[in-house]
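Under my numbering, the first residue of the sequence shown is numbered 349, with each subsequent residue one higher. All residues carry an ideal CB built from backbone N, CA and C; glycine is no exception. Report on the following structure.
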Amino acid sequence: LAATLADSGLSVSVLDAAPAPVMPTGNAALRVVALNEASHNLLVNAGVWEHLDQSRVLPYQHMQVFDADGTGEVYFSADAVNAEALGWMVENDHLVAALHGFLAGRQQVQWHSGSRVASIKQSADGWRVERVAGDDIHCRLLVGADGAHSLVRDAAGIALSRRDTGHRLRRVAGRPGGV
349 LAATLADSGL
359 SVSVLDAAPA
369 PVMPTGNAAL
379 RVVALNEASH
389 NLLVNAGVWE
399 HLDQSRVLPY
409 QHMQVFDADG
419 TGEVYFSADA
429 VNAEALGWMV
439 ENDHLVAALH
449 GFLAGRQQVQ
459 WHSGSRVASI
469 KQSADGWRVE
479 RVAGDDIHCR
489 LLVGADGAHS
499 LVRDAAGIAL
509 SRRDTGHRLR
519 RVAGRPGGV
């Protein structure tokens, strides 16, 4: 979202509890993100995709999903929809570093690394985000991508219900560096 708003004229702050991202080198990390075509297009159109090292991007052409008890399955194929790929696997650290690098040159975007949120409070004109260290941030729109224990969701009063769907990913097949 920050990448798509980078040149909109809006002031955007990204709060990241982690240290400043660094483009990974060496062996691939185990934590990956599966990007579908919509996410891919968003990153391409925003200009972020070109910041990814394509040798670390794995397009996948097939996916097979099974029920936990083995009674059902679904098979997806890029060939069935005349696509080069169903999606792309990208190391999480790689994607975050590419986003950070892309946004570093944008004057309207501030990336606050090592910025832990202490609390979030709704005010008459928006939201106040209190950080453990550093100034509070005031905003009219607050977007959370802060995981299962989301302070943003809690502050907005959005309930969370969890359920196991019984689906498990069996395998992903692709070739690193291209289709």
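How big is the Cα-Cα spacing for residue i and residue j?
| i | j | result |
| --- | --- | --- |
| residue 355 | residue 455 | 9 Å |
| residue 414 | residue 452 | 41 Å |
| residue 429 | residue 411 | 13 Å |
| residue 527 | residue 493 | Because residue 527 sits at a pLDDT of 42, beneath the cut-off of 50, its placement in the model cannot be relied upon, and the point is left open. |
| residue 477 | residue 471 | 10 Å |
| residue 502 | residue 367 | 25 Å |
| residue 434 | residue 425 | 7 Å |
| residue 381 | residue 388 | 11 Å |
| residue 521 | residue 504 | Interpretation of residue 521 is limited by its pLDDT of 49, a score under 50 that renders its predicted location unreliable; the figure taken from the coordinates is listed afterwards. Spanning the two alpha carbons is a distance of roughly 40 Å. |
| residue 479 | residue 485 | 8 Å |
| residue 420 | residue 403 | 35 Å |
| residue 372 | residue 495 | 23 Å |
| residue 422 | residue 370 | 37 Å |
| residue 398 | residue 392 | 7 Å |
| residue 427 | residue 459 | 40 Å |
| residue 418 | residue 510 | 22 Å |
Just to confirm, is the Cβ distance from residue i to residue j under 8 Å?
| i | j | result |
| --- | --- | --- |
| residue 442 | residue 400 | yes |
| residue 394 | residue 351 | yes |
| residue 383 | residue 438 | yes |
| residue 508 | residue 465 | no |
| residue 491 | residue 349 | yes |
| residue 440 | residue 376 | no |
| residue 431 | residue 514 | no |
| residue 482 | residue 461 | no |
| residue 473 | residue 488 | yes |
| residue 396 | residue 436 | no |
Which first and last residues belong to the alpha helix (DSSP H) in which residue i is found?
| i | result |
| --- | --- |
| residue 385 | 385 to 394 |
| residue 502 | 499 to 504 |
| residue 441 | 440 to 452 |
| residue 363 | That residue, residue 363, is in no alpha helix (DSSP H); its beta strand (DSSP E) goes 360 to 364. |
Where do the ends of the beta strand (DSSP E) carrying residue i lie?
| i | result |
| --- | --- |
| residue 474 | 474 to 479 |
| residue 466 | 465 to 471 |
| residue 568 | Nothing about residue 568 can be read from this structure; the chain reaches only from 349 to 527. |
| residue 459 | 457 to 461 |
| residue 432 | Run containing residue 432: none; DSSP gives neither H nor E here. |
| residue 421 | 421 to 425 |
| residue 486 | 485 to 487 |
Using the rule of at least 16 other Cβ atoms within 10 Å of the residue's Cβ for burial, across every protein chain shown, is residue i buried or exposed?
| i | result |
| --- | --- |
| residue 468 | buried |
| residue 408 | buried |
How do the segment 442 to 452 and the segment 358 to 373 stand: do at least 3 beta-carbon pairs fall below 8 Å, yes or no? Contact holds: three or more Cβ-Cβ distances are below 8 Å.
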